[in-house]
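Peer 1: In my numbering, the protein residues as written are 88 to 830.
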């Protein structure tokens, strides 16, 4: 363990019951050790290394963990150092047990979340800026006096950007220099006061260049000089944005700071937005045009909105009928947009949509139209189609430009790569609404068959859509009509080859379609929200069945799948608690399986809910691990107990060397994090032997046992002593090969 920790970058530490350090990682020494070696830290306490307040807080936390046996999960605190900048750190502390289960100390993992804190500040600033701009825009549209709008804009810049001073200076066409029109921060300024020396300073340069102009440190600025007013105030950094067009400038909106390098990196868009509102108000002769533009265009991307798209589409179709030329409608949906929005913030999501809008506009002709229907959904109207402008060719161009990495200000060192799904409808005798409906059905098909592709609408898709609607209507009655039931697939300890538990698998006994596997109806349940009451029923039924088996046969574990929709709601906590209370099931025997993708939909809320679930005593497993977006940092954030290696890696054993390497890596990762590893989808003996050779803990799959009815599980348990080292798979009764294959 000592050699392992010596190579870890994470901040890991182990302490005894007296809070003396037993072992720390190299990452801990580098970030926390203050230059000490490992030998100089071992045996010491926090009081020997850190400030008294910090040491006392750490000691109190560790006493609480030791006394209660409960972990402290992701506690965020500021750490202050004399020789470097303050940082924010998230720390998880857990009880350290000996081989008999006694608490002999604590151990923990910490990570630097300074970037997250800074990102939260950026998001806060962006949200506050949006609110201020929206308020400024409303007041401008109401026709408030310009002087009031000036004061509002300058005050908003001062508040949102946390500056020392903000002002608006006007450049009069028939007078030298500039005058103050609004100011906040330095109360002795007077409106209308000329600013001496301004003709050689920032505002003049902004007018000449068209702006924006950012000065990180006036001491290093060589493009222009600092006016006497800024010099006397001790201004060290500034930013100015032109109000009005370069051809007809009104003035400059500025913010100033007494510290160098204090300009927020995302301040220019906000100042530009405020300046744009002022410019529109000043240019009242363009007010009606501005209002009309807002009515027909998307505010974020500037593209035509649905209203304008419908209008242009009908015009294209009318021309197409006259010229006997079809029109194509392409609906483009961004794959994985929610992940970007949830992970990097709405500002990043907005920037991504703006980039995609520009890229889509770059691949169409002048006669075509690119619009935004809403959210992450765009539309292309292709007019007067020719062989060179075939919709499939245009769709391929769209897929190509969308796939190109996108650099976001919120993630400058890690370009985001995404894809798109496209539905295409072609015609000239239809209405634009009919073409949009057809393209939407084709888009659904593209999404359902793997994304990152385009699909042309066919009439059969209408039949599929109608069938899906009928299935949705039937599903709404399935729970009440007692048509849902559970099968149970055993899992096995791969060291002893004995039964370790079962996983509850949902099935639907449809009155006319027969038994349906989850892939036929779970997506519908997710989309409609019916998955929540269905998931509640599964929890209740599975817990009760497991409790009955515990009383009558053996105490085995039971796993229940939790959907992303359930995980997004706090009601999941009540559902789990109610199921445990009603059944009397030991919480430690219940495992909630959550897919890696679902975990990453909203990491912060998910980590909070999982922490509360863990307090109930249940176990948490990451299902389909290795196929999602999680990282080592995220794994440490989530309080999980097991990793279920996705079946796609298991199926590649023997045919794909990469799969074997990945399995080796994932098992090692699980062991390094003290997590149980589970291999699912085992169908061949070679796959089983490979997992056993890698020391994977648990196995599941058709080779071992198929999903079973309740009576079949009971017969299996009666014949097998659970976790008995003498009961092997070779002697275990195997279910009929006619069982439903879908797991």
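Glycine residues also receive a C-beta, built at the ideal position from the N, C-alpha and C atoms.
1. What residue from 394, 540, 594 and 442 has the CA that sits closest to residue 523's CA?
2. Can you tell me the Cα-Cα spacing of residue 610 and residue 531, whole angstroms?
3. Which ranges does the alpha helix (DSSP H) cover as unbroken runs of at least 4 residues, wholly within the segment 149-209, from first to last along the chain?
4. With DSSP collapsed to three states, give me the class of residue 501.
5. Look up residue 585 in the DSSP assignment and say whether it is helix, strand or coil.
6. Among 328, 518, 427 and 343, which residue has its Cα nearest to the Cα of residue 400?
7. For residue 128 and residue 773, what's the separation of their Cα atoms in angstroms?
8. Would you check if the distance between the CB atom of residue 804 and the CB atom of residue 641 is smaller than 7 angstroms?
9. Would you be able to state if there are at least three C-beta pairs under 8 angstroms between the segment 212-231 and the segment 240-251?
10. Looking at the unbroken beta strand (DSSP E) that takes in residue 744, where does it start and where does it end?
11. Can you give me the C-alpha to C-alpha distance between residue 521 and residue 391, rounded to a whole angstrom?
12. Could you tell me the alpha carbon to alpha carbon distance between residue 586 and residue 597, rounded to whole angstroms?
13. Quick one: grab the DSSP three-state call for residue 649.
14. Roughly how many angstroms separate the alpha carbons of residue 564 and residue 605, rounded to a whole number?
15. Between the segment 154-162 and the segment 138-146, do at least 3 Cβ pairs fall closer than 8 angstroms?
16. Any idea what DSSP makes of residue 373, helix, strand or coil?
17. Taking the alpha carbon of residue 425 as the reference point, which residue from 689, 134 and 225 has its own alpha carbon closest?
18. With contact counted as at least three CB pairs below 8 angstroms, one residue from each stretch, are the segment 780-791 and the segment 738-755 in contact?
19. Kindly indicate the opening and closing residues of the beta strand (DSSP E) around residue 100.
20. So, for residue 323: in the same chain, excluding its five sequence neighbours on each side, which residues have a beta-carbon less than 8 angstroms away from its beta-carbon?
21. Using a Cβ-Cβ cut-off of 8 angstroms (strictly less than) and excluding sequence neighbours within five positions of residue 169, which residues of its own chain qualify?
22. Drop a sphere of 10 angstroms on the beta-carbon of residue 568, count the other beta-carbons inside from all chains shown, and report buried for 16 or more, exposed for fewer.
23. Is it buried or exposed, residue 470, if we count other Cβ atoms within 10 angstroms and call 16 or more buried?
24. Quick check on residue 294: buried or exposed, where buried means 16 or more other Cβ atoms within 10 Å of its Cβ?
25. What residue does the beta strand (DSSP E) around residue 464 start on, and which one ends it?
26. Any idea which residues DSSP pairs residue 146 with across the strands?
27. With distances taken from CA atoms, which of 416, 435, 213 and 798 is nearest residue 525?
28. Taking buried to mean at least 16 other C-beta atoms within 10 Å of its own C-beta, is residue 225 buried or exposed?
29. Check whether the Cβ atoms of residue 421 and residue 533 lie closer than 7 angstroms to each other.
30. Under a Cβ-count criterion, where at least 16 other Cβ atoms within 10 Å of its own Cβ denotes burial, should residue 788 be classed as buried or exposed?
31. From what residue to what residue does the alpha helix (DSSP H) around residue 535 run?
32. Which residue spans inside the segment 628-705 form an unbroken beta strand (DSSP E) run of at least 3?
33. Please say whether residue 301 and residue 326 have beta carbons closer to each other than 7 angstroms?
34. Report the option in 271, 254, 280 and 259 whose CA atom is closest to the CA atom of residue 328.
35. Report the option in 379, 337, 351 and 383 whose CA atom is closest to the CA atom of residue 365.
Peer 2: Considering the structure as presented:
1. Within the chain shown, numbered from 1, the residue matching residue 523 stands at position 436. Residue 394 is the option with its Cα nearest to residue 523.
2. Residue numbering aside, residue 610 sits at position 523 when the chain shown is read from its first letter. Residue numbering aside, residue 531 sits at position 444 when the chain shown is read from its first letter. Using only the alpha carbons, I get a separation of about 12 angstroms.
3. none
4. Position 414 of the chain shown holds residue 501. Here residue 501 sits in strand by DSSP.
5. In the chain shown, the residue the question calls residue 585 occupies position 498. Reduced to three states, the DSSP call for residue 585 is strand.
6. The sequence position of residue 400 within the chain shown is 313, counting from 1. It is 518 whose Cα lies nearest to the Cα of residue 400.
7. Position 41 of the chain shown, counted from the start, is the residue given in the question as residue 128. Position 686 of the chain shown, counted from the start, is the residue given in the question as residue 773. Their backbone Cα atoms lie some 47 angstroms apart in a straight line.
8. Numbered from its first residue, the chain shown carries residue 804 at position 717. Numbered from its first residue, the chain shown carries residue 641 at position 554. Yes, these two residues count as a Cβ contact at 7 angstroms.
9. yes
10. As a first step, residue 744 must be located in the chain shown, where it is residue number 657. Premise fails: residue 744 lies in the alpha helix (DSSP H), 744-759, not in any beta strand (DSSP E).
11. Taking the chain shown and counting its residues from 1, the one referred to as residue 521 is at position 434. Taking the chain shown and counting its residues from 1, the one referred to as residue 391 is at position 304. Straight-line Cα distance between these residues: approximately 19 angstroms.
12. Position 499 of the chain shown, counted from the start, is the residue given in the question as residue 586. Position 510 of the chain shown, counted from the start, is the residue given in the question as residue 597. Cα to Cα, the separation comes out at about 31 angstroms.
13. What you label residue 649 is simply residue 562 of the chain shown in a count that begins at 1. Here residue 649 sits in strand by DSSP.
14. Position 477 of the chain shown holds residue 564. Position 518 of the chain shown holds residue 605. In a straight line, the C-alpha of residue 564 is about 16 angstroms away from that of residue 605.
15. no
16. Locating residue 373 in the chain shown gives position 286, where the first residue counts as 1. At residue 373, the pLDDT of 47 sits below 50, so the modelled position is not reliable and the matter cannot be decided from this model.
17. Translated into the one-based positions of the chain shown, residue 425 becomes position 338. The shortest Cα separation from residue 425 among 689, 134 and 225 belongs to 689.
18. yes
19. The residue you call residue 100 lines up with position 13 of the chain shown. It spans 98-103 - the beta strand (DSSP E) in which residue 100 sits, taken as one unbroken run.
20. Within the chain shown, the letter at position 236 stands for residue 323. Once the five neighbours on either side are set aside, the close Cβ partners of residue 323 are 304, 305, 306, 344, 345, 346, 347 and 349.
21. As a position in the chain shown, residue 169 is number 82, starting the count at 1. Summary for residue 169: the model assigns pLDDT 49, below 50, so the residue's position carries little reliability; its value from the coordinates is reported in the next sentence. Closer than 8 angstroms at Cβ, skipping near neighbours: no residue.
22. On the chain shown, residue 568 is found 481 positions in, with the first residue counted as 1. By the 10 Å Cβ count, residue 568 comes out exposed.
23. The residue you call residue 470 lines up with position 383 of the chain shown. Flag for residue 470 reads buried.
24. As a first step, residue 294 must be located in the chain shown, where it is residue number 207. Buried, since its Cβ has 16 or more Cβ neighbours within 10 Å.
25. Residue mapping note: residue 464 aligns to position 377 of the chain shown, counting from 1. Here the beta strand (DSSP E) through residue 464 covers 464-469.
26. Position 59 of the chain shown holds residue 146. Answer is none; residue 146 lacks a bridge partner.
27. For the purposes of this step, residue 525 is identified with residue 438 of the chain shown, where counting begins at 1. When each option's Cα is compared against that of residue 525, the closest is 416.
28. If you number the chain shown from 1, residue 225 lands on position 138. By the 10 Å Cβ count, residue 225 comes out exposed.
29. As a working note, residue 421 is residue 334 in the chain shown. As a working note, residue 533 is residue 446 in the chain shown. It is not a contact, given that the beta carbons lie outside the stated cut-off.
30. By one-based count along the chain shown, residue 788 stands at place 701. Under this definition residue 788 is a buried residue.
31. What you label residue 535 is simply residue 448 of the chain shown in a count that begins at 1. Residue 535 -> alpha helix (DSSP H) spans 519-535.
32. 644-649 and 677-682
33. Locating residue 326 in the chain shown gives position 239, counting from the first residue. Locating residue 301 in the chain shown gives position 214, counting from the first residue. Yes. Within cutoff.
34. On the chain shown, position 241 is the one that residue 328 refers to. Looking at the Cα atoms, 254 is the closest of the given residues.
35. As a first step, residue 365 is located in the chain shown; it is residue number 278 there, counting from the start. Cα-wise, what sits closest to residue 365 is 337.
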